[in-house]
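Here the structure comes first, spelled out in structure tokens, and everything after it is commentary.
Protein chains in written order, with full-length UniProt numbering: chain A, 1 to 283; chain B, 1 to 276.
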């Protein structure tokens with residue numbers, strides 16, 4: 001009897017311990033180090049606010065945060081649009097469950113391969129002598145290669161959409177599959193047009209999935225640095241990239257202060273999404 | 001809905017879906033083709049002949065930079081460690097969450113937080129924590145922990161989905177027939193959820209095998225494969241980069257297909273046993 005009472009605690013213990021050691025403790029360390037002082041060779045324990053002051057008062061920081069938010073908004077809008085219609089197609093237009101599963105896996109498999117390689121794979125396509133420029137020139141649409149395709153904001157957004165759309169497709173697909181088909185039937189019998197069914201029945205019921213997908217995409221883009229560094233060729237900035245650069249310069253307290261600000265911002269965005277949509281039913 | 005004729009919306013969305021799949025796979029197929037570039041070919045089209053030159057170069061010759069073999073075996077071992085731990089820990093936690101227990105709410109939110117905290121924060125935090133405690137970061141300690149913070153939430157969410165659909169009547173039947181809790185678990189629960197556990201394992205392995213941001217500051221002095229590949233992008237200018245991309249992608253795909261095939265076989269076997 002006592003064993004069955006303590007069983008859940010024993011079962012939950014490994015997860016709790018791992019998260020305590022590798023999530024809670026590291027974040028506590030970041031908060032602590034963000035008040036430390038540093039010089040060009042080392043960091044030392046202290047309690048100063050200079051790291052925050054320098055971060056917040058620097059115009060570079062503001063520009064970088066704005067740029068990161070810009071990426072977030074654009075990538076969120078595009079992945080939502082693409083992800084919703086892909087999920088909608090799979091859920092409502094594919095009629096056999098097997099075909100649904102197969103097509104869903106077709107969308108999922110690239111997500112399980114390396115992000116770095118998926119980024120590299122854009123180079124032969126978008127580069128100055130890449131496939132796109134070559135074909136456009138052969139077709140006579142342009143006279144000289146388009147320069148903005150690679151190593152630009154355009155490339156960053158394209159690669160992020162490529163990497164992260166699946167995070168939008170999966171939760172939306174999940175909610176769409178749970179919609180009782182009788183509701184759509186009823187709406188149609190009551191004389192609703194296809195568009196009215198979409199806006200009055202399907203989208204409201206898909207909101208939890210949209211919210212979960214949005215949380216994924218927003219947090220991934222806000223913290224991203226590798227896509228920005230690689231696809232912009234070092235010409236654009238993001239918060240993650242700024243942190244990575246500070247880390248490379250061993251300015252850990254500055255990076256830590258930045259990390260705390262980023263974390264607060266991300267949590268505020270997530271809280272805002274959760275205020276608009278209640279996802280609890282979904283979990 | 002199934003009895004209706006296809007409307008124009010179907011064809012528009014089919015075209016859209018095909019475009020989406022092309023968008024997902026198109027770039028990958030270009031580096032796949034270019035990895036067979038001739039010995040004098042460059043990083044872009046046109047193909048300058050067809051050869052296996054770059055695969056030979058990758059697999060049998062000493063690279064000017066990097067250590068592909070070492071990085072691959074480290075990533076493989078780390079992936080397997082992460083996979084096993086993710087399966088066991090998520091399964092246990094999934095079982096725990098079937099009942100209410102003190103602190104289940106906070107633990108759940110902590111797990112979700114692990115998913116939404118940006119990777120670079122985890123990387124920086126673990127790196128700093130090891131530094132503060134005077135420990136040497138290494139891929140099998142700090143890197144391993146960093147990967148678990150990414151794979152465990154996925155594992156737990158899959159276990160939630162599994163146990164939400166799990167019919168407790170099976171367990172009650174086993175108990176009524178006199179099975180001990182352990183027997184109920186081993187002979188009733190485990191066989192039913194086995195395909196999902198393979199799914200959790202697949203996630204655990206592939207997410208770890210491809211992880212970059214969380215490994216960056218936690219891998220210590222030896223690179224994992226994604227770090228190695230990233231290093232190569234800055235100083236390798238031959239198609240050997242694409243050959244590496246092709247080899248590691250084929251490896252990932254093989255792992256995925258083996259896992260999916262195993263799940264399919266298990267499902268079929270179970271269906272047959274239920275029918276017979």
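All residues carry an ideal CB built from backbone N, CA and C; glycine is no exception.
Whole-angstrom distance between residue j and residue i, CA atom to CA atom
{"i": "residue 1 of chain B", "j": "residue 181 of chain A", "result": "Note that residue 1 of chain B scores 46 on pLDDT, short of 50, meaning its location in the model is unreliable; the coordinates nonetheless yield the value given after this. Residue 1 of chain B and residue 181 of chain A: Cα-Cα distance of roughly 8 Å."}
{"i": "residue 228 of chain B", "j": "residue 68 of chain B", "result": "7 Å"}
{"i": "residue 70 of chain B", "j": "residue 59 of chain B", "result": "12 Å"}
{"i": "residue 24 of chain A", "j": "residue 22 of chain B", "result": "41 Å"}
{"i": "residue 58 of chain A", "j": "residue 104 of chain A", "result": "46 Å"}
{"i": "residue 82 of chain B", "j": "residue 102 of chain A", "result": "27 Å"}
{"i": "residue 179 of chain A", "j": "residue 185 of chain A", "result": "11 Å"}
{"i": "residue 183 of chain A", "j": "residue 201 of chain A", "result": "8 Å"}
{"i": "residue 69 of chain A", "j": "residue 275 of chain B", "result": "55 Å"}
{"i": "residue 276 of chain A", "j": "residue 159 of chain A", "result": "28 Å"}
{"i": "residue 204 of chain B", "j": "residue 194 of chain A", "result": "41 Å"}
{"i": "residue 285 of chain A", "j": "residue 191 of chain A", "result": "Residue 285 of chain A falls outside the range modelled here, since chain A spans only 1 to 283, and no answer is possible."}
{"i": "residue 278 of chain B", "j": "residue 113 of chain B", "result": "Not covered by the structure: residue 278 of chain B. The range shown for chain B is 1 to 276."}
{"i": "residue 249 of chain B", "j": "residue 265 of chain A", "result": "35 Å"}
{"i": "residue 19 of chain B", "j": "residue 110 of chain B", "result": "38 Å"}
{"i": "residue 3 of chain B", "j": "residue 85 of chain A", "result": "Reliability fails at residue 3 of chain B, whose pLDDT of 48 lies under 50, so the model's placement of it is uncertain and the value that follows must be treated cautiously. C-alpha separation (whole angstroms): 22 Å."}
{"i": "residue 117 of chain A", "j": "residue 168 of chain A", "result": "21 Å"}
{"i": "residue 153 of chain B", "j": "residue 75 of chain B", "result": "21 Å"}
{"i": "residue 172 of chain B", "j": "residue 191 of chain B", "result": "16 Å"}
{"i": "residue 204 of chain A", "j": "residue 161 of chain A", "result": "24 Å"}
{"i": "residue 170 of chain A", "j": "residue 21 of chain A", "result": "30 Å"}
{"i": "residue 245 of chain B", "j": "residue 51 of chain B", "result": "16 Å"}
{"i": "residue 130 of chain B", "j": "residue 57 of chain B", "result": "38 Å"}
{"i": "residue 98 of chain A", "j": "residue 106 of chain A", "result": "12 Å"}
{"i": "residue 91 of chain B", "j": "residue 6 of chain B", "result": "43 Å"}
{"i": "residue 209 of chain B", "j": "residue 46 of chain A", "result": "38 Å"}
{"i": "residue 43 of chain B", "j": "residue 115 of chain B", "result": "36 Å"}
{"i": "residue 133 of chain A", "j": "residue 49 of chain A", "result": "50 Å"}
{"i": "residue 95 of chain A", "j": "residue 8 of chain B", "result": "16 Å"}
Cβ neighbours of residue i in the same chain (closer than 8 Å, five flanking residues each side left out)
{"i": "residue 47 of chain B", "result": "33, 34, 36, 37, 38 and 41"}
{"i": "residue 263 of chain B", "result": "195, 198 and 199"}
{"i": "residue 196 of chain A", "result": "187"}
{"i": "residue 180 of chain B", "result": "none"}
{"i": "residue 127 of chain B", "result": "137, 142, 217 and 218"}
{"i": "residue 252 of chain A", "result": "33, 36, 38, 43 and 246"}
{"i": "residue 230 of chain B", "result": "212"}
{"i": "residue 207 of chain B", "result": "82, 147, 150, 151 and 154"}
{"i": "residue 87 of chain B", "result": "155, 197, 200, 201 and 204"}
Close beta carbons around residue i, own chain, < 6 Å, minus the five adjacent residues each side
{"i": "residue 30 of chain A", "result": "256 and 259"}
{"i": "residue 124 of chain A", "result": "130"}
{"i": "residue 246 of chain A", "result": "254 and 255"}
{"i": "residue 119 of chain B", "result": "213 and 214"}
{"i": "residue 52 of chain A", "result": "257"}
{"i": "residue 115 of chain A", "result": "163"}
{"i": "residue 117 of chain B", "result": "none"}
{"i": "residue 74 of chain A", "result": "157"}
{"i": "residue 269 of chain A", "result": "218"}
{"i": "residue 231 of chain A", "result": "155, 156 and 159"}
{"i": "residue 53 of chain B", "result": "39"}
{"i": "residue 142 of chain A", "result": "136"}
In DSSP terms, what residue i is bridged to
{"i": "residue 50 of chain B", "result": "B:37"}
Residues near residue i by beta carbon distance below 7 Å, same chain, minus five either side
{"i": "residue 72 of chain A", "result": "218, 221 and 222"}
{"i": "residue 272 of chain A", "result": "none"}
{"i": "residue 111 of chain A", "result": "166"}
* **Given 8 Å, three or more beta-carbon pairs between the stretch 53 to 65 of chain A and the stretch 143 to 152 of chain A** => Output reads no: the stretch 143 to 152 of chain A does not touch the stretch 53 to 65 of chain A.
* Asked: For the stretch 93 to 159 of chain B, which segments carrying the alpha helix (DSSP H) assignment without a break, of at least 4 residues, lie completely within its bounds, in sequence order?
  -> Listed in chain order, the alpha helix (DSSP H) elements of length 4 or more contained wholly in the stretch 93 to 159 of chain B are 104 to 116 and 119 to 132.
* Asked: What runs of the alpha helix (DSSP H), each 4 residues or longer, lie entirely inside the stretch 33 to 76 of chain A?
  -> When DSSP assignments are scanned along the stretch 33 to 76 of chain A, the uninterrupted stretches of alpha helix (DSSP H) that are 4 or more residues long and fall wholly within it turn out to be 50 to 57.
* To do: Any chance you could list the alpha helix (DSSP H) runs of at least 4 consecutive residues sitting entirely within the stretch 115 to 191 of chain A, in chain order?
  => Fully enclosed alpha helix (DSSP H) runs of 4 or longer: 115 to 120, 123 to 126, 131 to 138, 153 to 178 and 181 to 189.
* Asked: If you pair each beta-carbon of the stretch 259 to 271 of chain A with each one of the stretch 154 to 165 of chain B, do three or more pairs fall below 8 Å?
  -> Too few Cβ pairs lie closer than 8 Å, so no.
* Asked: If we count Cβ pairs, one from each stretch, closer than 8 Å, do we get three or more for the stretch 131 to 142 of chain B versus the stretch 234 to 249 of chain A?
  -> The way I'd put it, the stretch 131 to 142 of chain B doesn't touch the stretch 234 to 249 of chain A; fewer than three beta-carbon pairs between them come closer than 8 Å.
* Asked: Touching or not, the stretch 220 to 240 of chain B and the stretch 83 to 99 of chain B, by the rule of three or more beta carbon pairs under 8 Å?
  -> Here the stretch 220 to 240 of chain B does not lie against the stretch 83 to 99 of chain B, with fewer than 3 beta-carbon pairs under 8 Å apart.
* **Touch test, the stretch 209 to 216 of chain A against the stretch 156 to 174 of chain A, Cβ-Cβ under 8 Å, three pairs minimum** => At 8 Å Cβ cutoff, the stretches touch.
* Asked: Would you say the stretch 14 to 28 of chain A touches the stretch 160 to 173 of chain B, given that touching needs at least three Cβ pairs under 8 Å?
  -> Contact between the stretch 14 to 28 of chain A and the stretch 160 to 173 of chain B is absent, because fewer than three Cβ pairs lie under 8 Å.
* Inter-stretch contact (C-beta, 8 Å, three-pair minimum) for the stretch 253 to 268 of chain B and the stretch 132 to 140 of chain A -> As far as the Cβ criterion goes, the stretch 253 to 268 of chain B does not touch the stretch 132 to 140 of chain A, which means the pair count is below three.
* **Start-end ranges of the alpha helix (DSSP H) lying completely within the stretch 200 to 276 of chain B, minimum 4 residues** => Whole alpha helix (DSSP H) segments, 4+ residues: 225 to 235 and 240 to 275.
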